[in-house]
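Below is one structure; the comments refer to it alone.
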Amino acid sequence: MIAQLTGNVIRIEANSVVLDVGGVGYRVNTPLSTLSRLPEEGEKTTLFTVMLVREDDISLYGFRTLEEQKLFMLLTSVTGIGPKLAISMLSVMEWGELCIAVSSNDQKSLLRIPGVGSKLAQRLCLELGDRLTEFMVAQKIERTPSQDAITNHALFEDIQEALVNLGYSRADSRRAAERVIQANPEKTNAGLFIREALKLLSGEGQGNLRH
-19 MIAQLTGNVI RIEANSVVLD VGGVGYRVNT PLSTLSRLPE EGEKTTLFTV MLVREDDISL
41 YGFRTLEEQK LFMLLTSVTG IGPKLAISML SVMEWGELCI AVSSNDQKSL LRIPGVGSKL
101 AQRLCLELGD RLTEFMVAQK IERTPSQDAI TNHALFEDIQ EALVNLGYSR ADSRRAAERV
161 IQANPEKTNA GLFIREALKL LSGEGQGNLR H
């Protein structure tokens, strides 16, 4: 099993990256959160990978962290969640956010992921809830009351969807929406929030969404 690859980025595609490892080009399927953090073409990077072998296909799935790699394997252990859907889930939500949603039975957040219906969200929470709680403890992830207040803010969904419609990934849009609401929780002007979020996403605002 190929568990890790280090090589030069040959090209970045819509849902994958091709790495040159010792003269061999490996196509690695990745979530958008990983694609958005890859270096420029020609530069070196390391991905933690999972290789899935089927009768007519051998595919590699890559992640920037071991936590994402482990979560991907846990997700695909659930009936009804194949590798493509697991990648989609990790594209829409950061791995820590996804762990929190599943472990806290937050099915409303899970239903925002394309391909996840109410039955699958319920099964996911039922089968992985306890395991991801243990996983979170091991990774020292905690959910604070302020995080709930942010995502329940009246304008949170509007800000996030506006940014997605402008072409930003859902994961980056979610982080930007959370950041601007956290900075000004009492504000009620959607336009102001969106402008501040755009500054963050363009690198003009204070702070960095990548950290």
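Take -19 as the starting number for the sequence shown in the numbering used here and just add one per residue.
Note that CB positions come from ideal geometry on N, CA and C, so glycine has one too.
Source: prediction; values computed, not measured.
Give the straight-line distance between the Cα atoms of residue i and residue j, rounded to the nearest whole angstrom.
i	j	result
Ser153	Ile139	8 Å
Phe136	Gly42	30 Å
Gly5	Thr56	26 Å
Leu104	Lys167	35 Å
Thr(-14)	Val1	7 Å
Asp36	Arg175	48 Å
Glu77	Gln102	17 Å
Glu158	Phe173	10 Å
Ser98	Glu(-7)	31 Å
Ser39	Asn9	8 Å
Trp75	Met116	10 Å
So what does DSSP say about residue i, is it helix, strand or coil?
i	result
Ser84	coil
Ile174	helix
Leu99	Here residue 99 is Lys; the residue named in the question, Leu, does not match the sequence. Helix.
Ser39	strand
Ile(-8)	strand
Met31	strand
Leu12	helix
Arg155	helix
Thr59	coil
Ala135	Note that residue 135 is Leu in the sequence shown, not Ala. Residue state, collapsed to three classes: coil.
Gly(-13)	strand
Leu91	coil
Gly204	Shown here, the chain extends from -19 to 191; a query on residue 204 therefore has no answer.
Thr259	Because the chain is modelled from -19 through 191, residue 259 falls outside the range shown and cannot be assessed.
Can you name, in chain order, every residue of its own chain whose Cβ lies under 7 Å from the Cβ of residue i, other than the five neighbours on each side?
i	result
Leu108	Leu54, Val58, Val82
Phe52	Val30, Tyr41, Phe43, Ala66, Leu70
Gly95	Leu65, Ser68
Ala156	Leu143, Ala177, Leu180, Leu181, Leu189
Met(-19)	Met31
Quick one: measure Cβ to Cβ for residue i and residue j, integer angstroms, because I've assumed they're closer than 8 Å.
i	j	result
Ala177	Val160	5 Å
Gly60	Leu100	5 Å
Near residue i, what residues of its chain come up, given a Cβ to Cβ distance below 6 Å and the 5 sequence neighbours on each side ignored?
i	result
Lys24	Asn(-12)
Ala170	Leu135, Asp138
Arg7	Ser(-4), Val(-2)
Leu90	Ala81, Val96, Ala101
Give me, in chain order, the residues of the same chain whose beta-carbon lies closer than 8 Å to that of residue i; leave out the 5 immediate sequence neighbours on both sides.
i	result
Arg(-9)	Val(-3), Val(-2), Glu21
Gln(-16)	Thr26, Leu27, Phe28, Thr29
Can at least three beta-carbon pairs, one atom from the segment 149 to 169 and one from the segment 105 to 116, be found at a separation below 8 Å?
no
I want to know whether the segment 11 to 24 touches the segment 55 to 75 - three or more CB-CB distances under 8 Å.
yes
So, do the segment 83 to 92 and the segment 25 to 35 have three or more beta carbon pairs nearer to each other than 8 Å?
no
Taking three-plus beta-carbon pairs below 8 Å as touching, is the segment 49 to 66 in contact with the segment 136 to 143?
no
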